[in-house]
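The numbers in full-length UniProt numbering rise by one with no breaks, and the one at position 101 of the sequence shown is 101. The beta carbon of each residue, even a glycine, is placed where N, CA and C say it ideally should be. Just so we're clear, the structure is a prediction, and the values are computed from it rather than from any experiment. The block underneath contains the structure these notes are about, expressed in structure tokens.
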Amino acid sequence: MEQVVAAWNQAVKDSNSMPAWQQKADNMLVAASNYLGTPYVFGSKVGQTASFDCSSFTKFLFAQEHIKLPRSSREQSLLGTDVPLSDLRQGDLIFFTTPARSKKEGLDHIGHVAIYAGDGLIVHTFRPGIGVTISELNGSWKKRVVEVRRVLV
């Protein structure tokens with residue numbers, strides 16, 4: 001865990017002379033760090049911070065930067081521009097399939113969203129008992145990536 005925290009701290013860099021998208025991404029990542037451990041509850045109500053599900057968390061963080069996202073991960077996947085996984089940058093939205101959605105097609109294939117934090121890390125919430133957390137993108141998460149969307153420009 002120390003390695004993940006060290007990488008997380010590295011991902012949140014000094015904000016002097018950054019492009020606007022980078023400043024927004026950094027602000028969102030700092031805000032996200034304040035909610036680490038916040039419980040995951042599927043269908044969490046938007047506008048409160050006692051619990052989140054994946055898309056209410058991304059919606060909340062983007063709203064901190066005055067960017068409106070739709071409520072569901074599937075709707076969020078329609079925003080921004082498509083980006084190859086090899087071109088990730090902080091603040092990009094990464095959409096994943098889940099075991100329950102892996103055989104579905106189109107937008108129904110998407111069941112999870114996370115924010116790329118840099119250095120191979122994502123911030124998201126996905127399971128009761130874990131809540132908001134930082135995870136490595138490699139491994140099982142990377143295998144389930146459906147698409148990456150860049151909303152911060």
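Exposed unless 16 or more other CB atoms sit within 10 angstroms - verdict on residue i
i: residue 151; result: buried
i: residue 148; result: buried
i: residue 64; result: exposed
i: residue 28; result: buried
i: residue 45; result: exposed
i: residue 124; result: buried
i: residue 32; result: buried
i: residue 117; result: buried
i: residue 130; result: exposed
i: residue 113; result: buried
i: residue 58; result: buried
i: residue 111; result: buried
i: residue 42; result: exposed
i: residue 26; result: buried
The alpha helix (DSSP H) enclosing residue i, as first and last residue numbers
i: residue 33; result: 20-33
i: residue 63; result: 54-63
i: residue 74; result: 73-76
Unbroken beta strand (DSSP E) run spanning residue i, endpoints
i: residue 135; result: 132-136
i: residue 116; result: 112-118
i: residue 82; result: 81-83
i: residue 124; result: 121-125
Spatial distance of residue i from residue j (CA atoms)
i: residue 104; j: residue 17; result: 44 Å
i: residue 133; j: residue 54; result: 11 Å
i: residue 99; j: residue 108; result: 12 Å
Cβ pair residue i, residue j closer than 8 Å
i: residue 21; j: residue 91; result: yes
i: residue 93; j: residue 80; result: yes
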